[in-house]
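K.L.:
First residue of the sequence shown: 8, per this note's numbering; consecutive thereafter.
We put the beta carbon where it would ideally sit given N, CA and C, even for glycine.
As the structure is a computational prediction, the values presented were derived from the model and not from experiment.
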Amino acid sequence: MADYINIYGQDILAVASDPANPTVGQIWYNTTSNTLKGGGVTTAGAWATANNMNTARSDLAGAGTQTAGLGFGGQPGTGSTSVTEEYDGTNWATSPGSLSTARRQLAGCGTQTSALAFGGFIPAYTGATEEYNGSTWTSVNSMNTARSRLSGVGIQTAGLGFGGNDGSPSAITAATEEYNGTSWATSPGSLNTARQNLKGAGTQIAALGFGGYITANTGATEEYDGISWTSSNNLNTARDELAGCGTQTAALAFGGYSTAPTGATEEYNGATWATSPGSLSTARSGLAGAGTQPAALAFGGFDTAATAATEEWNGAGSPLTVTITAS
8 MADYINIYGQ DILAVASDPA NPTVGQIWYN TTSNTLKGGG VTTAGAWATA NNMNTARSDL
68 AGAGTQTAGL GFGGQPGTGS TSVTEEYDGT NWATSPGSLS TARRQLAGCG TQTSALAFGG
128 FIPAYTGATE EYNGSTWTSV NSMNTARSRL SGVGIQTAGL GFGGNDGSPS AITAATEEYN
188 GTSWATSPGS LNTARQNLKG AGTQIAALGF GGYITANTGA TEEYDGISWT SSNNLNTARD
248 ELAGCGTQTA ALAFGGYSTA PTGATEEYNG ATWATSPGSL STARSGLAGA GTQPAALAFG
308 GFDTAATAAT EEWNGAGSPL TVTITAS
């Protein structure tokens, strides 16, 4: 004899609140809202507005993930700040630990509890480097080339800094340096296109550098293998002062300055960039980013003034809860 469940299928679960992590195809009835719902995935990435930072600023640095982000340094209006903030996926909290060297136009990498801050402008070009342990910053050995407007990727014990402005007569540099947890070493491999205000993604031995400013905005993209840089396909929107996150084969570029502050978002698949239909709600330059290609965090920057705006990116394929209605 056939079982009832084999004839009529499985009962739909009745719950008072939606499941925290529904699987694709899962169906349930929400008794609080009296709605039938199901689990799916997003077909296109989109930005969602989140709670603001406590300190509005541009030219800051970021590290961490979408649910455990870190923002530090920057320019709140005039001058530089040392303020550090932590994001828990909902709200920003000001850390009791501020940077030892207040600065803007710096770079950062790592996680919320193990971050690295380096370079920047004080107002003088600096190679100052600091390590964050989740509560305090500690000064360590400086970069070999003091510079601002650079980019950084990696982790606290294996960081990578590249590009920027070193204040020399030629100003814009292609120099690349690697940090081993103690000191910086200049890499024999320099960027093919020297530039400032670029951004990056990836690790010390598999990095991606993109965008920036030479004598005009550029979309130049390069991949680093731990020894040398190789040019790849350009961004679709040439821009500087942008943000980025992810890996060398799955990166996200967003915001920046083209002919004006932009919210344009692009995804890199290891070979080419594709423009997403989803743009930042607040177009801005000088912002910071954290996270991954499918789950990114954008915060701070400059639109018409320094902003504290924060947005979360949910890429294509991210979990999505939908309400099912009769057609």
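If you follow the beta strand (DSSP E) that Val90 is in, where does it begin and where does it stop?
P.N.:
Careful: Val90 lies outside any beta strand (DSSP E) and carries neither H nor E.
K.L.:
Drop a sphere of 10 angstroms on the beta-carbon of Ile14, count the other beta-carbons inside from all chains shown, and report buried for 16 or more, exposed for fewer.
P.N.:
The predicted model places Ile14 with a pLDDT of 47, which falls under 50 and marks its position as unreliable; any figure quoted below should be read in that light. It counts as exposed.
K.L.:
Keeping to the same chain, check which residues put their C-beta closer than 6 Å to that of Thr39; ignore five residues upstream and five downstream.
P.N.:
Answer for Thr39: Ala23, listed in chain order.
K.L.:
Just the Cα atoms here: how many angstroms apart are Leu77 and Glu93?
P.N.:
Roughly 5 Å between the two C-alpha positions.
K.L.:
Return the first residue and the last residue of the beta strand (DSSP E) that Thr193 is part of.
P.N.:
Run containing Thr193: Trp191 to Thr193, per the beta strand (DSSP E) assignment.
K.L.:
Using DSSP with H/G/I as helix, E/B as strand and the rest coil, what is Asp232?
P.N.:
Coil at Asp232, not helix or strand.
K.L.:
Could you tell me the distance, in whole angstroms, from the CA atom of Met8 to the CA atom of Asp18?
P.N.:
Bear in mind that a pLDDT of 47 at Met8, under 50, signals an unreliable position, so the model cannot answer this.
K.L.:
Restricting to Cα atoms, I'd like to know which of Thr145, Gly81, Ala100 and Gly134 is closest to Ala75.
P.N.:
Minimum Cα distance to Ala75 is reached at Ala100.
K.L.:
Closer than 8 Å is the cut-off here; do at least three beta carbon pairs connect the stretch 195–214 with the stretch 132–143?
P.N.:
With a cut-off of 8 Å, the stretch 132–143 and the stretch 195–214 do not count as touching, because too few Cβ pairs lie within range.
K.L.:
Given a cut-off of 7 Å, decide if Ala250 and Phe261 are closer than it, judged by their beta-carbon atoms.
P.N.:
Cβ distance < 7 Å, so Phe261 and Ala250 count as in contact.
K.L.:
Since Thr272 contacts Gly285 with CB under 8 Å, what's their CB separation in whole angstroms?
P.N.:
About 6 Å; that satisfies the 8 Å criterion.
K.L.:
Can you name, in chain order, every residue of its own chain whose Cβ lies under 6 Å from the Cβ of Ile129, other than the five neighbours on each side?
P.N.:
Hits under 6 Å: Arg110.
K.L.:
Using a C-beta cutoff of 7 Å, does Thr56 count as contacting chain D?
P.N.:
The structure shown contains no chain D; it holds only a single protein chain.
K.L.:
Could you spell out the range, first to last residue, of the beta strand (DSSP E) harbouring Thr136?
P.N.:
That run of the beta strand (DSSP E) goes Thr136 to Tyr139.
K.L.:
Which class does Leu259 belong to by DSSP, given the choice of helix, strand or coil?
P.N.:
In the structure shown, Leu259 sits in a strand (DSSP, three-state: E or B).
K.L.:
Select from Ala55, Thr330 and Met60 the residue whose C-alpha is nearest the C-alpha of Ala316.
P.N.:
Comparing Cα positions, the closest option is Met60.
K.L.:
To the nearest angstrom, how far is the alpha carbon of Gly188 from that of Ala63?
P.N.:
The straight-line gap from Cα to Cα measures roughly 31 Å.
K.L.:
Count the other CB atoms within 10 Å of the CB of Ile5; is the residue buried (16 or more) or exposed (fewer)?
P.N.:
Here the chain comprises residues numbered 8 to 334, so residue 5 is not present and cannot be evaluated.
K.L.:
Taking only runs that begin and end inside the stretch 262–312, name each unbroken beta strand (DSSP E) of 3 or more residues, in chain order.
P.N.:
DSSP runs (the beta strand (DSSP E)) wholly in the stretch 262–312: 272–275, 280–282, 295–298 and 302–306.
K.L.:
Might you give, ordered along the chain, the residues of its own chain that have their beta carbon closer than 6 Å to the beta carbon of Asp66, omitting 5 neighbours on each side?
P.N.:
Excluding positions up to five away in sequence, the list reads Gly81, Gln82, Arg111, Gln112 and Gly293.
K.L.:
If you follow the beta strand (DSSP E) that Glu318 is part of, which residue opens it and which one closes it?
P.N.:
Segment Thr317 to Asn321, the beta strand (DSSP E) holding Glu318.
K.L.:
With Ser288 and Thr56 assumed to form a contact (beta carbons below 8 Å), what rounded beta-carbon distance in angstroms separates them?
P.N.:
Going by Cβ atoms, the distance from Ser288 to Thr56 rounds to 5 Å, so yes, they are a contact pair.
K.L.:
Provide the residue span of the beta strand (DSSP E) that contains Thr145, from first to last.
P.N.:
Taken as a continuous stretch (DSSP letters only), the beta strand (DSSP E) holding Thr145 covers Trp144 to Val147.
K.L.:
Note down, one range per segment and in chain order, each beta strand (DSSP E) of at least 3 residues found wholly within the stretch 156–185.
P.N.:
Those beta strand (DSSP E) runs which fall completely within the stretch 156–185 and span 3+ residues are 158–162 and 165–169.
K.L.:
Can you tell me whether Asn58 is buried or exposed, with buried defined as 16 or more other CB within 10 angstroms of its CB?
P.N.:
By the neighbour-count rule (16 or more Cβ atoms within 10 Å), Asn58 is not buried but exposed.
K.L.:
Taking Ile162 and Gly216 to be in contact with their CB atoms under 8 Å, please state how far apart those CB atoms are, rounded to whole angstroms.
P.N.:
Incorrect: roughly 17 Å between the Cβ atoms, too far for contact.
K.L.:
For Thr160 and Gly207, which I take to be in contact (beta-carbon distance under 8 Å), what is that distance rounded to the nearest angstrom?
P.N.:
In the sequence on display, residue 160 carries Val and not Thr. Yes, Val160 and Gly207 are in contact; Cβ-Cβ is about 4 Å, under 8 Å.
K.L.:
Measuring only the C-alpha atoms, how far is Ala21 from Gln255?
P.N.:
Rounded to whole angstroms, Ala21 to Gln255 spans 43 Å at the Cα level.
K.L.:
Work out the CA separation of Tyr36 and Ala70 for me, nearest whole Å.
P.N.:
Using only the alpha carbons, I get a separation of about 39 Å.
K.L.:
Output the boundary residues of the beta strand (DSSP E) element that contains Ser102.
P.N.:
From DSSP, Ser102 is part of no beta strand (DSSP E); its letter is neither H nor E.
K.L.:
Near Gly115, what residues of its chain come up, given a Cβ to Cβ distance below 7 Å and the 5 sequence neighbours on each side ignored?
P.N.:
So the list reads Ala68, Gly69, Ala70, Phe79, Ala122, Leu123, Ala124 and Gly159, once near-sequence residues are dropped.
K.L.:
Taking all protein chains shown into account, do 16 or more other C-beta atoms lie within 10 angstroms of the C-beta of Tyr11, making it buried, or fewer, making it exposed?
P.N.:
At Tyr11 the pLDDT is 39, less than 50, meaning the model places this residue with poor confidence and gives no usable figure here.
K.L.:
If we count the other Cβ atoms within 10 Å of its Cβ and call it buried at 16 or more, is Asn224 buried or exposed?
P.N.:
It counts as buried.
K.L.:
Determine the extent of the beta strand (DSSP E) in which Ser121 is found, giving its start and end residues.
P.N.:
Its beta strand (DSSP E) spans residues Ser121 to Phe125.
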